[in-house]
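There are 2 protein chains.
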Amino acid sequence: MNEFELIAQLTAKLPSNRSVVVGAGDDCAVLDLGVPDHWLLFKTDAIVQGIHFTESDAGERVGHKALARCLSDIAAMAGTPSCALITLGLPPGFDPEFVKAVYAGMGALAQKYQVAIVGGETTTNPERILISIAALGTVARDKCVRRSGAQAGDAIFVTGQLGGSLAGRHLDFEPRLEEARWLAQHYPLHAMIDLSDGLAGDLPHILHASGVGAELLASAIPISPAARARARDRVSEKPPLLAALTDGEDFELLFTLPSREAVTLLDAWRLRFPKTRLSCVGKIVPGSGLTIRNKHGIRPLAAHGYVHFS
Amino acid sequence: MNEFELIAQLTAKLPSNRSVVVGAGDDCAVLDLGVPDHWLLFKTDAIVQGIHFTESDAGERVGHKALARCLSDIAAMAGTPSCALITLGLPPGFDPEFVKAVYAGMGALAQKYQVAIVGGETTTNPERILISIAALGTVARDKCVRRSGAQAGDAIFVTGQLGGSLAGRHLDFEPRLEEARWLAQHYPLHAMIDLSDGLAGDLPHILHASGVGAELLASAIPISPAARARARDRVSEKPPLLAALTDGEDFELLFTLPSREAVTLLDAWRLRFPKTRLSCVGKIVPGSGLTIRNKHGIRPLAAHGYVHFS
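Here it is as structure tokens:
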């Protein structure tokens, strides 16, 4: 049994109560605690030294990443983050300067989005630094976007460019809070998720939750310059398209909406966010499963892409 | 610089916003997110294998402890827990049966207090299991009890019996949710905290936050049978009174209220909670600092008690 199978088993029978609008299985938990017209969004996320960051990464960037990952999940439901709690697991001989830098990185990002940091707890984690963030946000009830609303006929969009995040973006990315709120304000989004496991890994979460399938168009996938450079320089063995589909840690928004909205959205986006690409990468289809179309035809795309592209 | 000094430095300049009623430095963060007449309580707490539990402890008890610690913090502000998120750091070769047992222990406690578990995240922590819980609760605005309201002339009370928690109680304790709500409902509590670092360690948090001092009465400290047994059997080198003052992980409530309420409270408590002791252990005095009175007179009591009792 792997981690994911185990968690699927465990989360199937968690205790609930009447405050729960959406429990485990979306970007955030969604709660009705009586805020008029609003729901609360509740999320935790942890990063671990040697896994999500290295000893040589600057503390500011590590702190930024830790908080930005949580904010990205709040963005994925079109919410507004309100506050966060920080848990630091520290080895006995930790470097206080590194910890200060982590706090500085988190603090700068929090300030930028008016997020209050309302507590900092430390515990001992003898072998390595672990940073866990708990975040709380709000969303207007009629603007909350889940994973489960995609419909056959929807167009699939992705912000930014994909792949090669390990070259640096994974430490410096900006959570797409403003973009997500603007989208939900102006367009009838059906489903949204933030990309942490790659397009090929995360789109299936929308498909499963919504009970639909999808067809991607290979030529429409926005491949990042970093993904191309890493392939060219042989830093990565993945061809650029495979990197864009599977690298993970892009923290871009993936969303669907009725295809009749696609053209007006693309035009309005260009005016509102001229520096950030928005790409229509495919369509939602009836049934189930994920396929990708290129000049040779349509083929199934496995969750991590490897089978068909490597 | 130790952990506590560092965190004090870091939390002194955390970003805030207008939703923050109480930030870092109380049992929970207190937030005004627009719930009519109520505040939200927000708390995280982590336990680590080899530090807060051992490999031989049953998973159910470990899960119980992880969640109960968070609920105890919500109790300390007289709140009602609503939901929780679980973060598990797991080594690659983790035992799925242990993880299931952890979830079972948490689930049973959550069910008992109608707490919804709204998500479970896992990450890799290569060397040992780490469990971090984020909890959310609510409290009526006029019933929220902070650490900062103690006044000279208050009587100091503690629930239950103290010391020797390591003999078992630290894994099985019941968070004092019902007791705390009953107290706040019926009595004008001035300050409250849950005992995690021992009476001598935690009472100073109330004193600092309130700008007052306190005098404890040695003969009134409720020493647990476990603390006596551990001293008698030489499992611990601490005399029983020292254990009761400093052992930590009691998770009892420590609170203050006007001393004129003391007698009626003790009478009403005996009827309402006949199985749980309630002890008046001293009084709040003007000034600062913590002293303890025994038959030989009054002496200062250091935060961890060692100087004067060992």
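Those protein sequences? They're chains A and B, same order as listed. Under numbering that gives the first Met the number 0, the residues of the first sequence are numbered 0 to 309, in order. Under numbering that gives the first Met the number 0, the residues of the second sequence are numbered 0 to 309, in order. All C-beta atoms, glycine included, are put in the ideal place defined by N, C-alpha and C.
Presumed contact (8 Å Cβ cut-off) between residue i and residue j, rounded CB distance
{"i": "V47(A)", "j": "T122(B)", "result": "6 Å"}
{"i": "A100(A)", "j": "A57(A)", "result": "6 Å"}
{"i": "T43(B)", "j": "A133(A)", "result": "5 Å"}
{"i": "S71(B)", "j": "F250(B)", "result": "5 Å"}
{"i": "L252(B)", "j": "R146(B)", "result": "With a Cβ gap of about 12 Å, L252(B) and R146(B) do not count as contacting."}
{"i": "D153(A)", "j": "P257(A)", "result": "6 Å"}
{"i": "P188(A)", "j": "F41(A)", "result": "In the sequence as presented, Pro is not what sits at residue 188(A); that position holds Leu. With 8 Å as the limit, L188(A) and F41(A) do not qualify as a contact, their Cβ atoms being about 21 Å apart."}
{"i": "L320(B)", "j": "A267(B)", "result": "Residue 320(B) lies beyond the stretch modelled for chain B, which goes from 0 to 309, so this question has no answer here."}
{"i": "L300(A)", "j": "I220(A)", "result": "That belief does not hold up - the Cβ atoms of L300(A) and I220(A) are roughly 11 Å apart, past 8 Å."}
{"i": "D171(B)", "j": "R60(B)", "result": "6 Å"}
{"i": "L244(A)", "j": "G197(A)", "result": "6 Å"}
{"i": "G62(A)", "j": "A11(A)", "result": "With a Cβ gap of about 35 Å, G62(A) and A11(A) do not count as contacting."}
{"i": "S131(A)", "j": "A45(B)", "result": "7 Å"}
{"i": "V211(A)", "j": "A151(A)", "result": "6 Å"}
{"i": "K237(A)", "j": "Q184(A)", "result": "The pair is not a contact, with the Cβ atoms about 36 Å apart (cut-off 8 Å)."}
One or two residues paired with residue i in a DSSP bridge
{"i": "K282(B)", "result": "A154(B), E214(B)"}
{"i": "E120(A)", "result": "T86(A)"}
{"i": "K12(A)", "result": "None; K12(A) has no bridge partner."}
{"i": "Q48(B)", "result": "F52(B)"}
{"i": "L256(A)", "result": "A154(A)"}
{"i": "A115(A)", "result": "C82(A)"}
{"i": "V262(B)", "result": "Paired residues: none, contrary to the question."}
{"i": "W38(B)", "result": "V138(B)"}
{"i": "P187(B)", "result": "Note: P187(B) sits in no beta bridge, so no partner."}
{"i": "V21(B)", "result": "V29(B)"}
{"i": "D196(B)", "result": "BP columns for D196(B) are empty, so no partner."}
{"i": "N293(A)", "result": "G296(A)"}
{"i": "G288(B)", "result": "G212(B)"}
{"i": "L277(B)", "result": "T158(B)"}
Of the listed residues the options, nearest to residue i (C-alpha basis)
{"i": "A199(A)", "options": "L9(A), A242(A), P95(A), A11(A)", "result": "A242(A)"}
{"i": "L108(B)", "options": "P14(A), A149(A), L289(A), S18(A)", "result": "P14(A)"}
{"i": "R259(B)", "options": "G247(B), E251(B), C279(B), E120(B)", "result": "C279(B)"}
{"i": "I128(A)", "options": "R168(A), P285(A), I85(A), A134(A)", "result": "I85(A)"}
{"i": "V144(A)", "options": "F272(A), L206(A), G78(A)", "result": "G78(A)"}
{"i": "S223(A)", "options": "G159(A), E236(A), L194(A)", "result": "G159(A)"}
{"i": "A28(A)", "options": "I116(B), F172(B), K42(B), E177(B)", "result": "I116(B)"}
{"i": "K64(B)", "options": "L244(B), L194(B), H51(B)", "result": "H51(B)"}
{"i": "R231(A)", "options": "L87(A), L30(A), R146(A), G163(A)", "result": "G163(A)"}
{"i": "R292(A)", "options": "P221(A), S81(A), A213(A)", "result": "A213(A)"}
{"i": "C69(A)", "options": "K274(A), I220(A), S195(A)", "result": "S195(A)"}
{"i": "E120(B)", "options": "Q8(A), L202(A), R233(A)", "result": "Q8(A)"}
{"i": "S113(A)", "options": "C82(A), P125(A), L216(A), E126(A)", "result": "The residue you asked about is not Ser; residue 113(A) is Gln in the sequence shown. Considering only alpha carbons, the answer is C82(A)."}
{"i": "L206(B)", "options": "L264(B), R180(B), G288(B)", "result": "G288(B)"}
{"i": "A149(A)", "options": "N124(A), P90(A), I192(A), R229(A)", "result": "I192(A)"}
{"i": "L182(B)", "options": "H204(B), S131(B), F156(B)", "result": "F156(B)"}
{"i": "R180(A)", "options": "L244(A), V211(A), M76(A)", "result": "M76(A)"}
{"i": "T137(A)", "options": "L32(B), V211(B), I6(B), E177(B)", "result": "L32(B)"}
{"i": "K111(B)", "options": "E173(B), G167(B), E96(B)", "result": "E173(B)"}
{"i": "G90(A)", "options": "N124(A), I6(A), G106(A)", "result": "For the sequence presented, residue 90(A) should be read as Pro rather than Gly. Comparing Cα-Cα distances from P90(A) to each of N124(A), I6(A), G106(A), the minimum goes to N124(A)."}
{"i": "A139(B)", "options": "Y186(B), A261(B), I73(B), H37(B)", "result": "H37(B)"}
{"i": "A208(A)", "options": "G247(A), G167(A), S55(A), D26(A)", "result": "D26(A)"}
{"i": "D94(A)", "options": "R298(B), Q184(B), I6(B)", "result": "I6(B)"}
{"i": "G247(B)", "options": "Q184(B), G118(B), A166(B)", "result": "A166(B)"}
{"i": "L202(A)", "options": "L87(A), G106(A), V284(A), E96(A)", "result": "V284(A)"}
{"i": "H169(A)", "options": "A190(A), T53(A), E4(A), P80(A)", "result": "T53(A)"}
{"i": "V19(A)", "options": "L39(B), G118(B), R233(B), L87(B)", "result": "G118(B)"}
- Compile a chain-ordered list of the residues in the region 125-139 of chain B whose CB is closer than 8 Å to at least one CB of chain A. P125, E126, R127, L129, S131, A133, L135, T137
- Query: Considering only residues of the region 126-180 of chain B, which uninterrupted alpha helix (DSSP H) runs meet the minimum length of 4 residues and lie entirely inside it, listed in chain order?
  - Reply: 168-171
- Which residue spans inside the region 203-248 of chain A form an unbroken beta strand (DSSP E) run of at least 3? 212-216
- Item | Interfacial residues, the region 44-56 of chain A to chain B, with Cβ spacing under 9 Å | D44, A45, I46, V47, G49, I50, H51
- Could you run through the region 95-113 of chain A and flag, in chain order, every residue whose CB is less than 7 Å away from some CB of chain B? P95, V98, K99, Y102, G106, A109, Q110, Q113
- Where the region 183-210 of chain A meets chain B: residues whose CB sits under 9 Å from a CB there: none
- Message: Any C-beta of chain A within less than 8 Å: which residues of the region 140-153 of chain B qualify?
- Response: none
- Message: Tell me which residues of the region 275-290 of chain B have at least one Cβ-Cβ distance to chain A shorter than 8 Å, keeping chain order.
- Response: none
- Give the residues from the region 14-36 of chain A that approach chain B closer than 7 Å (Cβ to any Cβ), ordered along the chain. P14, S15, N16, S18, V19, G22, A23, A28, L30, L32, G33, V34, P35
- Query: Can you list, in chain order, the residues of the region 228-262 of chain A whose Cβ is nearer than 8 Å to any Cβ on chain B?
  - Reply: none
- Query: What are the residues of the region 59-84 of chain B that lie near chain A, defined by any Cβ-Cβ distance shorter than 7 Å?
  - Reply: S81, C82, L84
- Task: Determine which residues of the region 1-12 of chain A have a Cβ less than 7 Å from any Cβ of chain B, and write them out in chain order.
- Result: E2, L5, I6, L9, T10
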